[in-house]
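Last residue of the sequence shown: number 735 in our numbering, and the count goes up by one each step with no gaps. This report concerns only the one structure given below.
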Amino acid sequence: MHALYVIWQCLLEPGDEVIVPDPMWTEAVENIRLAEARPVPVILRHEDGYVYHPEAIEAKITPKTRAIFVNSPHNPTGAVLPKETLLGILALAEKHGLHIVTDEAYEDIVYDAKHHSLAALAEQQGYDEKFLDRIVSIFSFSKSYAMSGLRVGYIVTGDDRVRERISKLLRCTINGVNSIAQWAAIEALRADPAHLEGMLKEYRIRRQLMLEALSGIPGLDPFLPEGAFYVWCRIDPVLYQRLGVKDADDLSSRLAAEGIGSAPGDSFGLHCEDAIRFAYSCGTAMVREGAKVLSAALRT
Ligand SMILES: Cc1ncc(COP(=O)(O)O)c(C=O)c1O
């Protein structure tokens with residue numbers, strides 16, 4: 436999170452524009468606004484597998500565009516961008532002289548798809564250093580090592596000027612990640628990477644439980660996540676009528692009263708109010724129990 440704050444403060448001037456996917460995890464976009472810049476949404480569509488298409492991005496480029504923000508695996512939909520799409524985004528950024536900020540917090544939480552790191556892909560494609568320096572990659576220990584409480588993440592950039600500004604911003608805000616969390620992060624890196632397999636096995640079980648709970652409900656269209664740990668469902672208003680709720684906010688409150696946490700679509704952008712996101716990052720036993728309650732609540 437702090438990496439996102441810092442990088443936008445480094446790169447943006449008031450009035451700049453950054454192209455972002457919509458829906459998008461709110462905080463990524465809020466950090467652009469905090470830098471007094473304007474997030475410009477590209478609407479992702481359910482029918483299209485929530486792919487962030489280069490052509491749709493290009494249509495939003497203006498003289499004020501400074502960067503393209505990419506997040507794959509994607510929060511909230513769980514979509515993972517295919518290699519060809521990422522190559523298209525690289526070509527676009529090079530053509531228009533733009534930065535790419537790529538948030539790869541869920542790089543290790545992938546099920547059926549393969550995650551390609553944008554900067555690595557750019558290097559493989561033989562792009563020159565000047566362009567590579569315009570790609571800023573953000574990673575986190577929160578998901579790969581289930582360490583979100585410890586607040587450790589990092590930025591990778593080859594641009595010396597950006598690095599210098601990052602150090603200054605860090606010095607004047609958090610003045611470095613606390614040393615206890617840094618030691619924990621070192622231990623996480625030293626640990627047997629096999630832990631990931633076990634973690635993914637559990638996430639697969641939870642994903643299946645959630646999809647079973649959410650499938651076959653008239654008016655609810657769950658998207659099969661290829662990465663991350665969320666199920667994003669598109670809602671047809673017939674569901675509101677049947678359940679006697681006003682909208683997705685109201686549905687989310689109704690579910691909260693039954694003990695189920697969720698996030699309504701409008702917290703992720705301006706064009707996704709008829710949607711709801713469920714997370715399965717809590718323990719498998721809790722997901723199993725919650726899935727039963729959720730299924731019953733949505734089928735009444
Ligand atoms: C897309 C995305 N990026 C970054 C983060 C930030 O994670 P953290 O601040 O825990 O590293 C999150 C957390 O949910 C996220 O969903």
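For each residue, glycine too, the CB sits at the ideal point set by N, CA and C.
query: Are the C-beta of Cys-707 and some C-beta of chain E separated by less than 8 angstroms?; result: Here chain E cannot be found, since the structure has a single protein chain.
query: Under a Cβ-count criterion, where at least 16 other Cβ atoms within 10 Å of its own Cβ denotes burial, should Leu-624 be classed as buried or exposed?; result: exposed
query: Report all residues from its chain with a CB closer than 6 angstroms to the CB of Leu-674; omit the five preceding and five following residues, and keep chain order.; result: Gly-654 and Leu-655
query: Ligand 3 and Tyr-665: does the residue's C-beta get closer than 7 angstroms to at least one heavy atom of that ligand?; result: Absence of ligand 3 is noted for the structure shown, with ligand 1 being the only ligands found.
query: Opposite Cys-668 in the DSSP bridges: which residues?; result: Pro-657 and Ile-711
query: For the beta strand (DSSP E) that contains His-509, what are its first and last residues?; result: Run containing His-509: none; DSSP gives neither H nor E here.
query: With distances taken from CA atoms, which of Glu-599, Leu-635, Phe-664 and Leu-631 is nearest Leu-646?; result: Phe-664
query: Confirm the yes/no value for this check: CB of Met-634, any heavy atom of ligand 1, distance under 7 angstroms.; result: no
query: Taking the beta strand (DSSP E) that Ser-572 falls in, what are its first and last residues?; result: 570-575
query: Return yes when at least one heavy atom of ligand 1 lies under 7 angstroms from the C-beta of Ser-579, else no.; result: no
query: Helix, strand or coil: how does DSSP classify His-551 here?; result: coil
query: Taking 7 angstroms as the cut-off, is the C-beta of Ser-583 nearer than that to any heavy atom in ligand 1?; result: yes
query: Using the beta-carbon count (16 or more within 10 Å), is Asn-742 buried or exposed?; result: No statement about residue 742 is possible, as the shown extent of the chain runs from 436 to 735 and does not include it.
query: Count the other C-beta atoms from every protein chain shown that fall within 10 angstroms of the C-beta of Leu-705, then say buried if there are 16 or more, exposed otherwise.; result: exposed
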